[in-house]
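Q:
4 protein chains.
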Amino acid sequence: MSGRKLRFGMVGGGRGAFIGAVHRIAAQMDGQAELVAGAFSSDPQRSRDSAADLFVAAERAYGSYREMAAAEAARPPSERLDFVVIVTPNDQHYPAATLFLEHGFNVVCDKPVTLTLAEARALRETVARSGKVFALTHNYTGNAMVKQARALVRSGALGTLRKVVVEYSQGWLARDIESDGQKQAAWRTDPARSGAAGCMGDIGTHAENLARYVTGLRITELCADLTTFVPGRRLDDDGNLLLRFEGGARGVLHSSQVAIGEENNLSLRVYGSEASLEWQQEHPNELIVKYLDRPREILRRGNGYVGETAQRVTRIPAGHPEGYLEAFANLYREAFRAIAAEVAGKPLPDDLDLPGIDDGVAGMAFIEAAVASARQGAAWVPVAA
Amino acid sequence: MSGRKLRFGMVGGGRGAFIGAVHRIAAQMDGQAELVAGAFSSDPQRSRDSAADLFVAAERAYGSYREMAAAEAARPPSERLDFVVIVTPNDQHYPAATLFLEHGFNVVCDKPVTLTLAEARALRETVARSGKVFALTHNYTGNAMVKQARALVRSGALGTLRKVVVEYSQGWLARDIESDGQKQAAWRTDPARSGAAGCMGDIGTHAENLARYVTGLRITELCADLTTFVPGRRLDDDGNLLLRFEGGARGVLHSSQVAIGEENNLSLRVYGSEASLEWQQEHPNELIVKYLDRPREILRRGNGYVGETAQRVTRIPAGHPEGYLEAFANLYREAFRAIAAEVAGKPLPDDLDLPGIDDGVAGMAFIEAAVASARQGAAWVPVAA
Amino acid sequence: MSGRKLRFGMVGGGRGAFIGAVHRIAAQMDGQAELVAGAFSSDPQRSRDSAADLFVAAERAYGSYREMAAAEAARPPSERLDFVVIVTPNDQHYPAATLFLEHGFNVVCDKPVTLTLAEARALRETVARSGKVFALTHNYTGNAMVKQARALVRSGALGTLRKVVVEYSQGWLARDIESDGQKQAAWRTDPARSGAAGCMGDIGTHAENLARYVTGLRITELCADLTTFVPGRRLDDDGNLLLRFEGGARGVLHSSQVAIGEENNLSLRVYGSEASLEWQQEHPNELIVKYLDRPREILRRGNGYVGETAQRVTRIPAGHPEGYLEAFANLYREAFRAIAAEVAGKPLPDDLDLPGIDDGVAGMAFIEAAVASARQGAAWVPVAA
Amino acid sequence: MSGRKLRFGMVGGGRGAFIGAVHRIAAQMDGQAELVAGAFSSDPQRSRDSAADLFVAAERAYGSYREMAAAEAARPPSERLDFVVIVTPNDQHYPAATLFLEHGFNVVCDKPVTLTLAEARALRETVARSGKVFALTHNYTGNAMVKQARALVRSGALGTLRKVVVEYSQGWLARDIESDGQKQAAWRTDPARSGAAGCMGDIGTHAENLARYVTGLRITELCADLTTFVPGRRLDDDGNLLLRFEGGARGVLHSSQVAIGEENNLSLRVYGSEASLEWQQEHPNELIVKYLDRPREILRRGNGYVGETAQRVTRIPAGHPEGYLEAFANLYREAFRAIAAEVAGKPLPDDLDLPGIDDGVAGMAFIEAAVASARQGAAWVPVAA
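As you go down the protein sequences, you meet chains A, B, C and D in turn. Just so we're aligned, residue 1 is where the first sequence starts under full-length UniProt numbering, counting upward by one. Just so we're aligned, residue 1 is where the second sequence starts under full-length UniProt numbering, counting upward by one. Just so we're aligned, residue 1 is where the third sequence starts under full-length UniProt numbering, counting upward by one. Just so we're aligned, residue 1 is where the fourth sequence starts under full-length UniProt numbering, counting upward by one.
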């Protein structure tokens with residue numbers, strides 16, 4: 001990094017938002033970036049109030065991302081935003097990201113990347129054309145032990161991969177809280193703002209991304225039994241999928257937002273012909289590796305035996321637990337490497353390990369395949385490459 | 001029990017057998033029964049050697065179950081076997097069980113009950129005609145905390161059931177050990193002795209039985225992706241299934257014998273509209289109950305707050321772990337209640353909690369549906385009622 | 001074993017007893033021994049009733065161990081007891097064991113071995129003089145993974161031992177249940193029947209035994225802060241000890257019977273200069289081994305990588321949990337090797353791994369040192385060799 | 001907070017320091033404070049290099065805390081530091097804290113507060129005289145579930161406290177790495193920089209603080225067996241203590257830095273007459289509560305049933321693990337409430353929950369008592385009030 005903190009603005013993330021606060025902590029945790037502008041809310045006063053909370057100057061608080069893009073693009077280089085963070089409901093990802101890219105800003109965007117696969121592909125074009133950095137916050141891949149898992153698979157230690165079991169279970173939507181005005185629930189269960197899938201888009205896509213990141217394998221076809229358990233809800237709140245991967249591995253992906261008592265249970269197991277691994281998001285500092293003929297191993301973040309890619313995202317020693325926010329911040333830290341290079345007019349780092357628009361396209365292909373399968377009574381369907 | 005130990009004989013279970021020894025320990029653990037006869041092997045000398053190991057009189061060691069049935073049926077009442085335990089490979093369950101029932105013996109049989117659904121149905125007829133006790137050793141339902149789980153579901157504490165996730169994963173067949181002459185592997189991977197399914201018949205059927213026992217729900221249709229990962233193997237060694245239950249619950253069942261590092265990972269989760277539960281065979285003394293708005297509870301075997309059906313199968317205080325053998329012995333203890341009644345000419349206990357021929361028929365219907373689905377490329381198929 | 005089951009009788013263990021039933025299951029689990037006589041209760045009718053429950057002939061049910069010793073000693077060789085199991089409250093261990101040894105019977109005795117160190121030493125003389133087998137049921141050392149732990153220490157894998165942390169915590173005596181007539185509580189809190197220590201004698205001595213068994217090290221001095229938390233109780237119900245071992249290792253031993261929510265939490269950690277290990281009785285199938293510079297290992301019972309002494313006491317495959325009763329039965333199985341040899345007039349096996357009178361003497365020395373320390377305000381005192 | 005971020009400077013924490021980076025992350029995580037000055041190293045060039053890394057202006061990088069205090073005290077109000085963070089080795093805490101307090105700065109100081117109890121008491125005088133905020137970073141009490149534990153004890157749910165078992169075990173000093181120039185090891189094992197105790201001062205004091213915070217009880221006397229296991233080391237690297245608390249509770253505290261395989265195992269159990277609790281730093285999002293006659297409960301951070309004091313320090317939803325850094329940041333967030341009040345000339349919040357100089361004095365009294373006890377052969381000694 002060169003001599004100054006990166007400057008960023010936010011779209012969304014005002015008072016009462018969950019994920020906006022997470023992004024701010026993650027982006028600023030390491031003291032490498034500072035928030036200086038924002039269209040925090042579509043209500044201008046609310047946006048200004050949020051700006052004040054966040055020590056953002058009133059003149060850089062906007063009532064819409066369009067206003068923000070125009071105004072910020074006009075600022076002098078010494079004040080110019082190095083990147084924009086988009087943390088709105090899903091429906092605004094595509095127009096906002098497109099607009100900022102077209103105005104020459106690097107973009108960090110929450111997932112799922114767009115409302116539809118078509119939008120995702122269009123955005124891929126825009127990203128390519130813009131030459132800007134586009135990072136998609138599939139934050140769970142920021143965990144050190146997820147990186148260790150991926151490195152293990154790449155090293156061949158697991159042999160040929162045979163089976164993937166991935167799960168993302170939550171219980172907070174077990175009742176119809178959207179009708180009681182719970183804001184987080186309301187937009188996630190609204191097709192207009194969330195997209196064609198509910199649970200499968202909100203969290204199932206994290207499971208898909210995690211499995212792909214660790215195994216390096218694409219899902220080629222799937223069979224998805226999606227259900228809406230809560231009466232009156234308009235989108236799926238539970239789904240069970242069978243998966244087939246390139247190369248012959250098989251898998252199960254199940255996800256729920258009505259699994260009472262589950263909090264944020266994202267878990268992955270990968271079985272190979274030589275060894276297996278297991279990682280659980282609720283115990284993120286451990287990676288369990290299992291062998292046929294020697295003791296099970298527990299690899300713990302921060303130890304000397306952990307590989308380089310995991311060490312690089314390790315802030316504190318073993319036994320001092322890192323958590324969700326640190327993993328999220330790892331993604332930002334990697335994004336900063338790319339953004340700093342872009343700002344300096346240099347090529348992106350060769351070893352960049354950052355989820356981007358390709359992950360977004362793959363995620364939307366997954367969601368659309370799942371929805372299509374479900375509509376056909378859980379038939380097998382191909383997943384668009 | 002009345003004044004004497006029950007007498008039993010075995011078919012199978014000679015030197016080197018795994019499950020035979022388990023049955024003997026389970027049957028004799030509580031000092032209520034004693035082994036006095038057996039066709040331990042089809043090799044008469046080997047059968048006699050096993051008899052000697054087991055302190056069984058040489059004259060009651062037989063070279064075939066046919067010989068045993070004829071000879072034992074001719075013994076005087078004071079020596080007569082109260083029941084026969086069948087622990088051969090699957091292909092002999094049907095003929096042996098049929099023969100002993102027809103000779104008037106109560107039967108305890110290992111699972112899966114027969115080679116085919118047709119055989120299972122025929123055996124059901126024989127059982128009914130004989131008036132004898134037929135117990136099927138779905139031993140995992142013998143666990144105290146499985147009984148507690150079932151009682152919780154029955155009490156309505158979980159509300160309407162929504163989702164079932166059940167798994168049975170092992171790794172011991174991850175390589176082609178059947179070609180190296182491993183006896184346990186050899187028959188399990190041989191269609192002639194094992195039946196139409198490998199992994200799904202050997203252990204998937206335990207998962208099905210456990211889910212049905214706890215939830216009280218029948219699987220109405222399923223979609224099964226069965227795979228043989230080890231080259232040259234003749235039966236499936238891995239399977240992933242989507243399930244639909246009567247009443248609208250959905251589920252996932254996955255099972256493997258090539259999941260390296262898994263030992264005997266049979267796990268069940270049941271999610272309802274009010275609460276959820278989780279039980280893991282490798283930690284059998286605990287039942288985890290999860291709520292939407294109060295702390296997760298860990299119910300531990302042997303405590304006063306555990307219900308009556310679980311208490312009845314509890315031998316030792318909380319914190320003194322009971323395991324696989326005690327659960328297996330619980331099934332025998334329940335069988336003895338039935339057998340003692342039958343021997344005494346009394347009706348079976350009203351509250352008998354013993355897996356029997358109906359479980360066998362359901363299990364075979366499950367296996368046949370899974371195999372049929374897989375043969376159709378993992379299509380949805382109904383499960384015969 | 002030679003051609004027949006071993007015959008045994010019991011002193012104590014009638015209806016309502018806890019540990020008597022445990023001994024019976026453990027002794028008979030493997031089909032190597034059968035119960036044929038007993039002084040189950042000091043009330044002759046109650047003893048006969050228990051005998052009937054246990055299928056023991058009425059003429060071999062006695063109202064006192066003295067009567068039993070005399071009558072059984074007079075039986076012909078074909079009926080003669082191979083061993084006697086003593087499971088009374090502590091105060092009868094010494095006279096009963098002495099009497100049966102003097103009548104030429106092998107003895108299996110519950111712990112602690114006697115009421116006092118002086119009795120234990122006197123009994124050691126009697127055992128030596130008698131030439132009979134004397135086994136003391138420090139059952140926790142029967143666990144396979146405890147044997148693995150001991151083997152690891154002996155192999156030198158831990159380097160020089162530095163620190164031992166051992167704990168045995170229970171909560172069942174958190175209230176004054178002895179005043180409500182709870183039988184198990186009543187004798188354990190009565191100095192006349194239990195001895196000079198309560199908790200420290202009942203379970204602290206198991207912790208001492210486990211630590212010594214695994215480390216091979218004797219405690220040379222200790223400092224014991226013993227407390228009676230429940231008002232009116234006559235013996236300690238909680239104790240915290242600092243330990244110094246021969247060779248320089250230091251340690252902590254804490255034990256409680258008023259630690260609410262603890263069930264049977266016997267846990268051991270041993271730290272060496274090269275590696276460390278951890279074992280927990282409530283998860284007995286695992287042994288955790290920790291290294292300075294490589295991943296933590298979980299050794300699980302029943303796997304091929306586990307050493308021979310642990311394999312020898314393994315009945316069922318990995319992942320099929322063995323528990324408290326199997327560990328207890330392992331001790332019996334080892335006792336049977338010794339008893340069968342003694343009965344056959346042969347020398348005891350060279351590799352016998354059986355707690356006996358020396359463990360009893362060490363245990364009583366530990367208890368007396370703890371009580372002496374506590375009486376001096378938790379001063380340091382030597383432990384008699 | 002009022003309109004601007006708080007400004008702070010650091011003493012220590014330059015390149016290569018561990019705890020300095022932790023403080024920076026913790027202080028800045030919530031975007032409420034910014035680092036603007038520092039004496040990061042006693043080597044002026046190194047201090048300037050660190051400043052550049054941290055985006056601190058070169059003119060506010062100092063070669064000594066004395067230089068920094070003088071220069072920063074002279075700055076105009078608009079630039080003035082709101083607080084100074086001291087993260088040097090222990091020997092500089094007292095002089096640096098005294099100097100900054102005397103120059104009118106609020107101070108956040110790492111623990112242990114000073115080298116000696118006398119210094120701690122003198123500093124207490126200085127704090128009182130200065131009227132400034134003095135926060136001591138006993139960071140583990142910042143964990144949400146530690147606050148929940150404390151609230152539970154205060155509510156009376158545990159009844160009368162009987163027993164405390166607290167442990168802080170690490171293994172990183174198992175070998176003589178200080179002789180190899182490991183910087184963190186070097187000063188911690190040097191009496192001149194660390195004080196009279198090694199392990200007991202570095203981490204044992206955290207255990208003491210945690211126990212006192214949760215129970216509200218002071219240790220009145222202790223018996224400490226401190227050992228130096230690594231040859232040549234000049235301070236204790238392991239210690240086992242018996243504790244007596246005001247009100248009659250007893251306890252065990254053991255701590256080690258040579259416990260191979262332990263990473264940062266700080267664990268607390270508190271047993272009362274009605275219930276018990278357990279918290280483990282390596283699994284900080286859970287609090288286990290155990291009862292005599294109802295199921296064990298697992299309280300998990302972020303759920304609605306968790307009390308207000310824990311909720312107040314919760315950033316993200318249940319199941320999204322918070323870790324060491326968030327707990328540390330919680331302490332800073334509470335310090336900011338106090339500092340903002342002080343800066344605004346207002347009284348400190350009534351409900352302030354912030355470790356300060358009294359904790360420092362208590363910690364030094366604990367350390368000195370432990371060392372005194374150990375020097376007397378682990379005799380019982382009183383702990384100064």
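Don't be surprised by glycine CBs; every beta carbon is placed ideally from N, CA and C.
Kindly give me the distance between the Cβ atoms of I219/C and V383/C, rounded to whole angstroms, as I take these residues to be in contact under 8 angstroms.
A: Numbered from 1 along the third sequence, position 219 holds the residue referred to as residue 219/C. Numbered from 1 along the third sequence, position 383 holds the residue referred to as residue 383/C. Yes, they are in contact, since the Cβ atoms of I219/C and V383/C sit about 5 angstroms apart, within 8 angstroms.
Q: Going straight from the alpha carbon of A37/C to that of N143/C, what length do you get?
A: The count along the third sequence starts at 1 and reaches residue 37/C at position 37. The count along the third sequence starts at 1 and reaches residue 143/C at position 143. Computed Cα separation, rounded: 28 angstroms.
Q: Hey, does G14/D have any beta-carbon neighbour from chain A nearer than 8 angstroms?
A: As a first step, residue 14/D must be located in the fourth sequence, where it is residue number 14. False, the Cβ-Cβ gap to chain A never drops below 8 angstroms.
Q: Express the C-alpha separation of P231/C and P284/B in angstroms, rounding to a whole number.
A: Residue 284/B sits at position 284 when you count from the first residue of the second sequence. Residue 231/C sits at position 231 when you count from the first residue of the third sequence. If I take the Cα positions, the gap works out to 36 angstroms.
Q: Go ahead and pull the three-state DSSP assignment for F55/B.
A: Reading the second sequence from its first residue, position 55 is the one you call residue 55/B. In the structure shown, F55/B sits in coil (DSSP, three-state: anything other than H, G, I, E or B).
Q: Output yes if chain B places a C-beta closer than 8 angstroms to the C-beta of F229/A; else output no.
A: Residue numbering aside, residue 229/A sits at position 229 when the first sequence is read from its first letter. Output row for F229/A: interface = yes.
Q: In the DSSP output, what is R33/A paired with across the bridge?
A: Sequence index remark: in the first sequence, residue 33/A carries index 33 (1-based). The sequence given here places Ala at residue 33/A; Arg does not occur at that position. Beta-bridge pairing links A33/A to L6/A.
Q: I want to verify the contact list: residues of chain D whose CB lies under 9 angstroms from the CB of A259/C, in sequence order.
A: Start at 1 with the first residue of the third sequence, and residue 259/C comes out as number 259. Residues of chain D passing the Cβ test: R162, K163, V165, R269, Y271, S276 and K290.
Q: Looking at chain C, which residues of the region 300-320 of chain A have a Cβ within less than 7 angstroms of any of its Cβ atoms?
A: So the list reads R300, G304 and Y305, given in the order they occur along the chain.
Q: Per DSSP, what are the beta-bridge partners of P382/D in this structure?
A: Your numbering for residue 382/D matches position 382 in the fourth sequence. DSSP output for P382/D lists E221/D as bridge partner(s).
Q: According to DSSP, is N209/A helix, strand or coil?
A: Taking the first sequence and counting its residues from 1, the one referred to as residue 209/A is at position 209. In the structure shown, N209/A sits in a helix (DSSP, three-state: H, G or I).
Q: According to the Cβ coordinates, are F55/D and G31/A closer than 8 angstroms?
A: Within the fourth sequence, the letter at position 55 stands for residue 55/D. Within the first sequence, the letter at position 31 stands for residue 31/A. Yes, these two residues count as a Cβ contact at 8 angstroms.
Q: Give the residues of chain C in contact with R294/A, contact being defined as C-beta atoms less than 7 angstroms apart.
A: Mapped onto the first sequence, residue 294/A falls at position 294. Those within 7 angstroms of R294/A in chain C are Y305.
Q: If contact means a Cβ-Cβ distance below 7 angstroms, which residues of the region 231-250 of chain C contact chain D?
A: Listed by position, the residues of the region 231-250 of chain C near chain D (Cβ gap below 7 angstroms) are D238, N240, L242 and R250.
Q: For a contact meaning CB atoms closer than 7 angstroms, what does G171/B contact in chain A?
A: Residue mapping note: residue 171/B aligns to position 171 of the second sequence, counting from 1. The contacting residues are L292.
Q: Go through its chain and collect everything with a Cβ distance to residue 386/C's Cβ below 6 angstroms, but skip five positions before and after it.
A: The first residue shown for chain C is 1 and the last is 385, placing residue 386/C beyond what the model contains.
Q: Do the region 170-179 of chain A and the region 251-262 of chain A touch if we need at least three Cβ pairs shorter than 8 angstroms?
A: The region 170-179 of chain A vs the region 251-262 of chain A: in contact.
Q: Mind the definition here: the region 351-360 of chain B touches the region 346-360 of chain A only if three or more C-beta pairs lie below 8 angstroms; say whether that holds.
A: They do not touch, by the three-pair rule.
Q: So is A122/D in contact with chain C if we call contact Cβ pairs under 8 angstroms?
A: Here residue 122/D refers to the residue found at position 122 of the fourth sequence. By this cut-off, A122/D is not an interface position.
Q: Tell me whether I316/A sits in a helix, a strand or coil according to DSSP, three-state version.
A: The sequence position of residue 316/A within the first sequence is 316, counting from 1. Here I316/A sits in coil by DSSP.
Q: Excluding the 5 residues flanking G247/D on each side, which residues of the same chain have their C-beta closer than 8 angstroms to its C-beta?
A: Taking the first residue of the fourth sequence as 1, we reach residue 247/D at position 247. So the qualifying residues of the chain are T160, L161 and L217.
Q: Look at the alpha carbon of M1/A and the alpha carbon of D225/A, and state the distance between them as a whole number of angstroms.
A: Against the first sequence, residue 1/A aligns to sequence position 1. Against the first sequence, residue 225/A aligns to sequence position 225. Its pLDDT being 46, under 50, M1/A is placed unreliably in this model, and the value from its coordinates should be taken loosely. One C-alpha to the other measures close to 47 angstroms.
Q: Is the separation between the beta-carbon of G13/A and that of V87/A shorter than 8 angstroms?
A: Start at 1 with the first residue of the first sequence, and residue 13/A comes out as number 13. Start at 1 with the first residue of the first sequence, and residue 87/A comes out as number 87. Closer than 8 angstroms, so yes.
Q: Any contact of the region 304-311 of chain A with the region 281-301 of chain C, i.e. 3+ C-beta pairs under 8 angstroms?
A: Flag = yes, the region 304-311 of chain A and the region 281-301 of chain C touch.
Q: Using a C-beta cutoff of 8 angstroms, does Y140/D count as contacting chain A?
A: As a working mapping, residue 140/D is identified with position 140 in the fourth sequence. No, its Cβ sits nowhere closer than 8 angstroms to a Cβ of chain A.
Q: Along the chain, where does the beta strand (DSSP E) that runs through R162/C open and close?
A: Here the question's residue 162/C lines up with position 162 in the third sequence. Start and end: L161 to S169.
Q: Compare the C-beta of E297/D with all C-beta atoms of chain B and state if any pair is closer than 8 angstroms.
A: Locating residue 297/D in the fourth sequence gives position 297, where the first residue counts as 1. Yes, because at least one Cβ of chain B sits closer than 8 angstroms to the Cβ of E297/D.
Q: Report the option in G20/C, A378/C, R375/C and W380/C whose CA atom is closest to the CA atom of Q184/C.
A: The count along the third sequence starts at 1 and reaches residue 184/C at position 184. Among G20/C, A378/C, R375/C and W380/C, the Cα nearest to that of Q184/C belongs to G20/C.
Q: Output, in chain order, the set of chain D residues within a Cβ distance shorter than 7 angstroms of R4/A.
A: Here residue 4/A refers to the residue found at position 4 of the first sequence. Those are F55, listed as they occur along chain D.
Q: Which runs of the beta strand (DSSP E), 3 residues or longer, sit entirely within the region 36-122 of chain B?
A: Fully enclosed beta strand (DSSP E) runs of 3 or longer: 83-86 and 106-109.
Q: For the candidate residues L331/C, D53/C, K111/C and A275/C, whose alpha-carbon lies nearest to that of I367/C?
A: As a first step, residue 367/C must be located in the third sequence, where it is residue number 367. The candidate whose alpha carbon is nearest that of I367/C is K111/C.
Q: Whose CA, out of D82/D, A385/D, A122/D and K5/D, lies closest to the CA of P95/D?
A: Position 95 of the fourth sequence, counting from 1, holds the residue named residue 95/D. Out of D82/D, A385/D, A122/D and K5/D, A122/D has the C-alpha closest to the C-alpha of P95/D.
Q: Would you say R24/D faces chain A, with C-beta separation under 8 angstroms as the test?
A: Position 24 of the fourth sequence, counted from the start, is the residue given in the question as residue 24/D. Answer yes: the Cβ-Cβ gap between R24/D and chain A drops below 8 angstroms somewhere.
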